[in-house]
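K.L.:
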Amino acid sequence: MMEIMLKAKIHMATVTEKEIEYEGSIGIDEELLELSGIKINEMVIVSDVNNGNRLTTYVIPEPRGSRKISLNGAAARLVEKGDRIIIMAFSIYDPNEYKGPKVLILNPDNTVKEIR
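Taking my numbering, the leading residue of the sequence shown gets 626, the next gets one more, and so forth.
Rendered as structure tokens:
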């Protein structure tokens, strides 16, 4: 039996921008994508630690090293700049192949504090 398991998590990212007049998505610094293993266009679940909102969207890249985390379109209505969020990506695994998620814990300026 295959199981849906947490693949990667970016924990406590800070929202740096929001743009309602946009198609939709979450923009994440390319460096953070690379470190976490989350891919461009991958579906993610985003939880806002400040207000409890939870949403599903897809990933677009922000410039490498920019430390940008941007919510766009309808998702922008569920967050505020400065909110801390958790970004989670899932994948389907055979139980024998799952080795646990890759977790990035960020500082308030979206630099990496710890990688697990």
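By construction, the Cβ of each residue, glycine as well, lies at the ideal position given by its N, Cα and C atoms.
Between the region 708-722 and the region 669-678, do three or more beta carbon pairs fall short of 8 Å?
P.N.:
Result yes; three or more Cβ-Cβ pairs closer than 8 Å.
K.L.:
Tell me the DSSP secondary structure of Glu644 in three-state form.
P.N.:
Reduced to three states, the DSSP call for Glu644 is strand.
K.L.:
Skipping 5 residues on each side, what residues in its chain have a beta carbon closer than 6 Å to that of Leu680?
P.N.:
Here the set comprises Val671, Ala700 and Leu703.
K.L.:
First and last residue of the alpha helix (DSSP H) that includes Leu658?
P.N.:
Segment Glu655 to Ser661, the alpha helix (DSSP H) holding Leu658.
K.L.:
Using the C-alpha atoms, what's the distance from Val728 back to Asn678?
P.N.:
Rounded to the nearest angstrom, the two C-alpha atoms are 21 Å apart.
K.L.:
Could you tell me the distance, in whole angstroms, from the CA atom of Ile651 to the CA atom of Met626?
P.N.:
So the alpha carbons of these two residues sit roughly 31 Å apart.
K.L.:
Kindly indicate which residue of Tyr723, Asn735 and Thr736 has the alpha-carbon position closest to the one of Ile629.
P.N.:
Of the listed residues, the one whose Cα sits closest to Ile629 is Tyr723.
K.L.:
In whole angstroms, what is the alpha-carbon distance linking Thr639 and Tyr718?
P.N.:
Those two C-alpha atoms are separated by around 30 Å.
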